[in-house]
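These notes concern the structure reproduced below.
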Amino acid sequence: MAHNLLSGKKGIIFGALDPHSIAWKVAEKAHEEGAEFVLTNAPIAMRMGKINELAEATNSGIIPADATSMEDLENLFSKAVDKLGKLDFVLHSIGMSPNVRKDKHYTDLNYDYYHKTLDVSAMSLHRTLSVAMKQDALNEWGSVVALTYIAAQRVFPDYNDMADAKSMLESITRSFGYHYGVAKNVRINSISQSPTPTTAGTGVKGFDKFISYADKMSPLGNASADECAAYCISMFSDFTRKVTMQNLFHDGGFSFTGVSADIMDKM
């Protein structure tokens, strides 16, 4: 059921690849709630995905952009503002690790790959915010949400260098959140989501077993992609105007559960 929470709001959604993507779900819900937005992804990701279907379903424009390229981001924000006017929200849903893809162990990383992981998965948020701020692209009380994972705080061995990237992402959220808040009342938060069977998530070794474990550990069970999208919408809405610089756990209680009875019963 829609409530027009984003009526009149404009935004950019990064990272919608296919219907399994959280960003895809956010786009669908943002459209239902009355928002207008442009979709963006790296050109290579767009060739692999189904973004044109999403654009048609949500009556949205598509502006390709490599989030590691300042030139691409400057073009993205400039064209988005030309099309929509000043923006009210941005979703950063970008992450990729060549070391994970190449099955490199954390203790034996390829450092060129490592830099690429940090560049794509974390530094891209800093670039995005820097371009938005310099172009004065966001309205006051605008909202930026970046998706993260609890491996930023705890060790999940097979999450590899993506854990380092998520730690950096969350730090950028806090630091840039302060500066953008002082300058323009723009709020920046990260949402730490349950393990979710997206295209990126399922690429992590042992994912199927871990998603089952997390579900049994969480008092409310794992949060789905649809539920995460609904949370993102609330963060874009005017009901959360004084929430900023936070890492918000959306994981059914996993983050604060030491052990569950369900897990203990299986030991």
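Numbering (numbering that gives the first Met the number 0), first residue to last: 0 to 266. Note that CB positions come from ideal geometry on N, CA and C, so glycine has one too. Treat the numbers as computed from the prediction; the structure is a model and nothing was measured.
Pairwise C-beta distances place the stretch 54–63 in contact with the stretch 24–40, as three or more of them are shorter than 8 Å. Here the stretch 183–193 makes no contact with the stretch 111–121; the two share fewer than three CB pairs at distances below 8 Å. K9 carries a strand assignment under DSSP once its states are collapsed to helix, strand and coil.
Judged by DSSP secondary structure, R100 falls within the alpha helix (DSSP H) whose first and last residues are P97 to R100. Rounded to whole angstroms, the Cβ separation of A260 and I21 is 29 Å, and the two are not in contact under 8 Å.
Under a 10 Å Cβ-count criterion, I262 is classified as exposed, with fewer than 16 other Cβ atoms of the shown protein chains found around its own Cβ. Assigned with DSSP and collapsed to three states, H91 falls in strand.
DSSP, read as helix, strand or coil, puts S129 in helix.
A residue is called buried when at least 16 other Cβ atoms come within 10 angstroms of its Cβ; M161 meets this threshold and is buried. At a cut-off of 4 residues, the continuous stretches assigned as alpha helix (DSSP H) that sit fully inside the stretch 19–56 are 21–31 and 42–47.
For A145, the pairing in a beta bridge is given by DSSP as H91 and S189. Counting along the chain, the unbroken alpha helix (DSSP H) around L83 starts and ends at M69 to L83.
Burial is judged here by how many other beta carbons sit within 10 angstroms of a residue's own beta carbon; L219 has fewer than 16 and is exposed.
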